[in-house]
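2 protein chains.
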Amino acid sequence: MKSKKAKPEVDSSTEEKIKNAARTIFHKKGFAATRTRDIAEEAGINLALLNYYFRSKEKLFDIIMVESMQGFLKSVSMLLNKEDNTWEEKIEMFVSSYIDFLMGNPDLPLFVLSELRSNPSALISKMNMKELLMKSHFIKQFQEEMKKGKIAPMHPLHFLMNMVSMVIFPFIGKPIVSSIGDLKEQEFVELMQQRKKLIPHWIKMMYKVK
Amino acid sequence: MKSKKAKPEVDSSTEEKIKNAARTIFHKKGFAATRTRDIAEEAGINLALLNYYFRSKEKLFDIIMVESMQGFLKSVSMLLNKEDNTWEEKIEMFVSSYIDFLMGNPDLPLFVLSELRSNPSALISKMNMKELLMKSHFIKQFQEEMKKGKIAPMHPLHFLMNMVSMVIFPFIGKPIVSSIGDLKEQEFVELMQQRKKLIPHWIKMMYKVK
DNA sequence: GTCTATATACGGATAGAC
DNA sequence: GTCTATCCGTATATAGAC
Numbered sequence: 000m001k002s003k004k005a006k007p008e009v010d011s012s013t014e015e016k017i018k019n020a021a022r023t024i025f026h027k028k029g030f031a032a033t034r035t036r037d038i039a040e041e042a043g044i045n046l047a048l049l050n051y052y053f054r055s056k057e058k059l060f061d062i063i064m065v066e067s068m069q070g071f072l073k074s075v076s077m078l079l080n081k082e083d084n085t086w087e088e089k090i091e092m093f094v095s096s097y098i099d100f101l102m103g104n105p106d107l108p109l110f111v112l113s114e115l116r117s118n119p120s121a122l123i124s125k126m127n128m129k130e131l132l133m134k135s136h137f138i139k140q141f142q143e144e145m146k147k148g149k150i151a152p153m154h155p156l157h158f159l160m161n162m163v164s165m166v167i168f169p170f171i172g173k174p175i176v177s178s179i180g181d182l183k184e185q186e187f188v189e190l191m192q193q194r195k196k197l198i199p200h201w202i203k204m205m206y207k208v209k
Numbered sequence: 000m001k002s003k004k005a006k007p008e009v010d011s012s013t014e015e016k017i018k019n020a021a022r023t024i025f026h027k028k029g030f031a032a033t034r035t036r037d038i039a040e041e042a043g044i045n046l047a048l049l050n051y052y053f054r055s056k057e058k059l060f061d062i063i064m065v066e067s068m069q070g071f072l073k074s075v076s077m078l079l080n081k082e083d084n085t086w087e088e089k090i091e092m093f094v095s096s097y098i099d100f101l102m103g104n105p106d107l108p109l110f111v112l113s114e115l116r117s118n119p120s121a122l123i124s125k126m127n128m129k130e131l132l133m134k135s136h137f138i139k140q141f142q143e144e145m146k147k148g149k150i151a152p153m154h155p156l157h158f159l160m161n162m163v164s165m166v167i168f169p170f171i172g173k174p175i176v177s178s179i180g181d182l183k184e185q186e187f188v189e190l191m192q193q194r195k196k197l198i199p200h201w202i203k204m205m206y207k208v209k
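Going line by line, the protein sequences match chains A and B.
Just so you know, the first sequence maps onto residues 0 to 209 in numbering that gives the first Met the number 0.
Just so you know, the second sequence maps onto residues 0 to 209 in numbering that gives the first Met the number 0.
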């Protein structure tokens with residue numbers, strides 16, 4: 000779109016301001032419900048500038064979407080592929096850092112998952128997550144434990160789904176959860192903090208062979 | 000909208016056809032991305048008829064939304080308030096019936112949760128889920144177990160979130176999950192069938208006091 | 001690069017014939 | 001009740017001045 004200057008500007012160049020505004024609003028409302036006017040206003044610039052920098056709403060959206068997917072998956076894959084920790088340690092690190100990440104990006108999971116529904120194969124196929132996750136060192140460790148008989152045998156996907164779901168779901172269901180539990184924002188945060196310790200504990204318990 | 004006939008027609012009256020079409024498309028694409036023209040086409044009728052029966056897109060949407068919320072919560076609250084089973088039995092019944100329900104309505108959870116984000120307090124406040132769930136017989140049973148020291152003490156919300164998330168998340172994340180695991184539709188179904196037995200087992204394990 | 005003004009397209013809703 | 005044709009608001013995108 001625009002060539003980088005030799006001396007890069009501060010992070011709030013016009014282009015960055017638009018991207019940040021777009022990220023905020025796309026995450027909150029999704030592609031279809033977002034109006035470019037709202038992005039322009041949020042960014043404090045004029046509507047025409049948005050098209051000057053990004054040509055179209057779709058193009059801007061694609062950029063945000065790719066970055067969001069990367070953020071969504073980065074911490075997962077990074078941790079899962081470290082070779083120098085036990086799988087229990089990795090779970091602790093993953094759960095803790097992912098909850099922190101989601102506290103700063105609470106709208107991201109619902110955004111990614113619901114946009115993926117409208118747009119099934121397009122992006123997913125590009126980033127081959129199968130290799131990334133199913134053949135990761137972490138999954139291998141997990142399969143080792145099964146061989147040793149220390150945890151019950153099952154498809155590794157169950158394990159992955161359970162861990163990720165327990166971390167992510169409270170953020171996806173935040174409105175309902177807060178309503179059911181009658182939680183103020185601060186109380187929600189406290190519950191999430193508790194889960195950093197609780198989830199790894201639960202995971203260690205739940206797969207034990209009797 | 001339209002007064003019921005004394006002899007009710009078959010289920011595929013025009014009004015029902017439109018509602019069914021609307022449900023399908025709203026669930027798949029959400030409110031903003033759905034065009035009334037698509038609903039009309041899916042229903043096999045003309046666009047004008049849609050407005051004749053439901054006045055506006057919003058009105059039609061509200062009807063679908065309320066029904067969806069009820070479906071989304073009905074099986075939860077029904078089972079949780081039965082008085083004549085142990086909590087372990089209730090978990091088994093809930094998980095099994097809810098997974099079956101979601102197999103027939105795979106798009107419903109993501110639909111409800113993402114529309115709730117745009118429309119926070121509107122509907123949620125109407126159906127007071129706090130009373131329904133937190134004061135349910137099921138939660139009381141759970142709290143009894145904690146008093147007896149049979150399961151570790153914690154906020155009941157953790158328990159609720161974990162159970163619901165393990166059931167729902169695979170459906171919400173189906174595109175990603177299927178991509179990661181390289182699953183065909185049939186394989187996905189098999190995994191879900193397995194979870195009917197696995198989730199109750201995991202839940203019994205994970206809260207045990209050492 | 002940034003703005004104002006405007007062209008153009010699209011989607012929801014209605015008028016009116018049958 | 002159901003259709004065709006059309007209106008009209010809204011949102012994206014562009015032209016053109018500064």
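We treat Cβ as the ideally placed atom computed from N, Cα and C, and that holds for glycine.
Give me the DSSP bridge partner(s) of residue i.
{"i": "I150(B)", "result": "K207(B)"}
Compare the beta carbon distance of residue i and residue j with 8 Å and say whether it is the shorter of the two.
{"i": "P152(B)", "j": "I138(B)", "result": "no"}
{"i": "V208(A)", "j": "I150(A)", "result": "yes"}
{"i": "F60(B)", "j": "L107(B)", "result": "no"}
{"i": "A20(B)", "j": "S117(A)", "result": "no"}
{"i": "W86(A)", "j": "E144(A)", "result": "yes"}
{"i": "M102(B)", "j": "P169(A)", "result": "no"}
{"i": "H157(B)", "j": "E82(B)", "result": "no"}
{"i": "K16(B)", "j": "I44(B)", "result": "yes"}
{"i": "F110(A)", "j": "S67(A)", "result": "yes"}
{"i": "I175(B)", "j": "L131(A)", "result": "no"}
{"i": "K203(A)", "j": "F187(A)", "result": "no"}
{"i": "M205(B)", "j": "M64(A)", "result": "no"}
{"i": "S178(B)", "j": "M128(A)", "result": "yes"}
Hey, does residue i have any beta-carbon neighbour from chain A nearer than 8 Å?
{"i": "D61(B)", "result": "no"}
{"i": "R22(B)", "result": "no"}
{"i": "N104(B)", "result": "no"}
{"i": "L107(B)", "result": "no"}
{"i": "W201(B)", "result": "yes"}
{"i": "S164(B)", "result": "yes"}
{"i": "H154(B)", "result": "yes"}
{"i": "M133(B)", "result": "yes"}
{"i": "L101(B)", "result": "no"}
{"i": "M191(B)", "result": "no"}
Tell me, please, whether the CB atom of residue i is closer than 8 Å to any CB atom in chain B?
{"i": "A31(A)", "result": "yes"}
{"i": "F170(A)", "result": "no"}
{"i": "K129(A)", "result": "yes"}
{"i": "H157(A)", "result": "yes"}
{"i": "M220(A)", "result": "As displayed, chain A neither begins before 0 nor continues past 209, which places residue 220(A) out of reach and without an answer."}
{"i": "R34(A)", "result": "no"}
{"i": "P174(A)", "result": "yes"}
{"i": "D37(A)", "result": "no"}
{"i": "I179(A)", "result": "yes"}
{"i": "L115(A)", "result": "yes"}
{"i": "L46(A)", "result": "no"}
{"i": "L79(A)", "result": "no"}
{"i": "S2(A)", "result": "Per-residue confidence for S2(A) stands at a pLDDT of 41, beneath the threshold of 50, marking its modelled position as unreliable; no derived number is given."}
{"i": "K207(A)", "result": "yes"}
{"i": "K259(A)", "result": "In the structure as shown, chain A begins at 0 and stops at 209. Residue 259(A) is therefore absent and cannot be evaluated."}
{"i": "L49(A)", "result": "no"}
{"i": "M64(A)", "result": "no"}
{"i": "M204(A)", "result": "yes"}
Rounded to whole angstroms, how far is the Cβ of residue i from the Cβ of residue j, which I believe are closer than 8 Å?
{"i": "G180(B)", "j": "M133(A)", "result": "7 Å"}
{"i": "L78(A)", "j": "F93(A)", "result": "5 Å"}
{"i": "I62(B)", "j": "K18(B)", "result": "7 Å"}
{"i": "L48(A)", "j": "T23(A)", "result": "Between T23(A) and L48(A) the Cβ distance is about 17 Å, and since that is not below 8 Å, they are no contact."}
{"i": "R194(A)", "j": "I98(A)", "result": "6 Å"}
{"i": "S96(A)", "j": "S74(A)", "result": "6 Å"}
{"i": "E40(B)", "j": "P199(B)", "result": "Rounded, the Cβ-Cβ distance is 43 Å, inconsistent with contact."}
Taking its Cβ as the centre, do 16 or more other Cβ atoms sit within 10 Å of residue i, making it buried, or is it exposed?
{"i": "S164(B)", "result": "buried"}
{"i": "E184(A)", "result": "exposed"}
{"i": "S11(B)", "result": "exposed"}
{"i": "K147(A)", "result": "exposed"}
{"i": "S215(B)", "result": "Limits of chain B in this structure are 0 at one end and 209 at the other, which puts residue 215(B) out of reach."}
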